[in-house]
Amino acid sequence: MKNDPEGRMSYPRHVYANPSHPAICPILSLGVLLFTRGAQVPESPTLLFGYNAKDRFSAWLAKTCAANADDIAGLGLSISDIVLVAHKQLWSGCELVGASVGSKDDTYLKDLEAINLLAKLQLFGALPPHFGPSISLSPAQWESNLPGYSSLYPATFRSAVPYLLASLVHHHAWLKSTLHHSHPLFLSPVWLSGSLTALAAGLHGGTLYNPITNMTATGIPPHVPLYQQLRVVQTNLGKLAQHVDDGFKSIPLQLRNVLDSTNHNTASVKMEQLNAAAANHQ
Numbered sequence: 002m003k004n005d006p007e008g009r010m011s012y013p014r015h016v017y018a019n020p021s022h023p024a025i026c027p028i029l030s031l032g033v034l035l036f037t038r039g040a041q042v043p044e045s046p047t048l049l050f051g052y053n054a055k056d057r058f059s060a061w062l063a064k065t066c067a068a069n070a071d072d073i074a075g076l077g078l079s080i081s082d083i084v085l086v087a088h089k090q091l092w093s094g095c096e097l098v099g100a101s102v103g104s105k106d107d108t109y110l111k112d113l114e115a116i117n118l119l120a121k122l123q124l125f126g127a128l129p130p131h132f133g134p135s136i137s138l139s140p141a142q143w144e145s146n147l148p149g150y151s152s153l154y155p156a157t158f159r160s161a162v163p164y165l166l167a168s169l170v171h172h173h174a175w176l177k178s179t180l181h182h183s184h185p186l187f188l189s190p191v192w193l194s195g196s197l198t199a200l201a202a203g204l205h206g207g208t209l210y211n212p213i214t215n216m217t218a219t220g221i222p223p224h225v226p227l228y229q230q231l232r233v234v235q236t237n238l239g240k241l242a243q244h245v246d247d248g249f250k251s252i253p254l255q256l257r258n259v260l261d262s263t264n265h266n267t268a269s270v271k272m273e274q275l276n277a278a279a280a281n282h283q
């Protein structure tokens, strides 16, 4: 944020992790960076990507667009059409031409969809890897996994670190098989301590809602979870109906087995005998 470049007020509101495609997961890449770059001394910049991140990102965007000029032209656009627009600029532009940008909620949902697209979440409502209530690391444990955790990282950033660690735990096998054997991650405290393996049992994920951790996917229309619940109820009712139907169909066979086991003559059987036989087999 321009008014908060160091992220002092940037508490995690949304976590856009990609649990199924680690190669393009932004949370995983940030986690690898954090746990391998080492503790930052007080004289070093506190910004993660440096003070000139805006200029470097603009240069990167220009190079990326230039390398894909043909694809952009195929969409009926030119490179000059691609810009980064802030919300304030968007509202001002719409006001000038008398257009409506939509309600705040509509804009919010569109932003969520745009970020979902950037994260390439192919599974609808996918929840990020996260820890359940059984996992609670002490300050000393955090310090051993991330030196300088308590003193060199602000509280706002520390609140996001568990999601970065959870992503490392979730993609542990992929990291081990994909990264080069000389990658600094393999020499980091979090890797050498064995924490990634030990924390795997307390890892959670899922789609839309996790009943254990109470994490809910944001930006999901309210009727979608209701539909999911109705589908579960419908499935359970179908299983119940099948169970009842199978039970009724098995009654003649069960009755015959009871009679065969209690009465071996061919004479007529009285109702009292049936009741007694049924009572003995309950």
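Residue numbers (my numbering): 2 to 283. The beta-carbon is built from N, C-alpha and C at its ideal position, and this holds for glycine as well.
- Closest in C-alpha terms to residue 160, from the list 132, 21, 181 and 38, comes 132.
- Closest by C-alpha distance to residue 33, out of 15, 168, 227 and 178, is 168.
- DSSP lists 216 as the beta-bridge partner residues of residue 211.
- DSSP places residue 18 outside both helix and strand once states are collapsed to three, so it counts as coil.
- One alpha carbon belongs to residue 54, the other to residue 126, and they sit about 31 Å apart.
- Ranked by Cα distance from residue 20, the first of 186, 166, 172 and 261 is 172.
- Excluding residues up to 5 positions away in sequence, 73, 80 and 83 lie with their Cβ nearer than 8 Å to the Cβ of residue 66 in the same chain.
- Excluding its 5 nearest sequence neighbours in each direction, residue 165 has C-beta neighbours in its own chain below 7 Å: 28, 31, 32 and 35, listed in chain order.
- A distance of 8 Å or more separates the beta carbons of residue 136 and residue 206.
- Cβ atoms of residue 176 and residue 186 come within 8 Å of each other, at about 7 Å.
- For residue 63, no pairing in a beta bridge is given by DSSP.
- An exposed status is given to residue 194, since fewer than 16 other beta-carbon atoms sit within 10 Å of its beta-carbon.
- Across the structure, residue 181 and residue 155 are spaced so that their CA atoms are roughly 31 Å apart.
- Taking the C-beta atoms as reference points, residue 140 is found no nearer than 8 Å to residue 152.
- By the CB criterion at 8 Å, residue 228 and residue 217 fall outside the cutoff.
- Between residue 208 and residue 128, the C-beta gap is smaller than 8 Å, which places the two residues in contact.
- Residue 153: member of the alpha helix (DSSP H) spanning 150–153, first to last residue.
- Secondary structure note for residue 83: it is in no alpha helix (DSSP H), with a DSSP letter that is neither H nor E.
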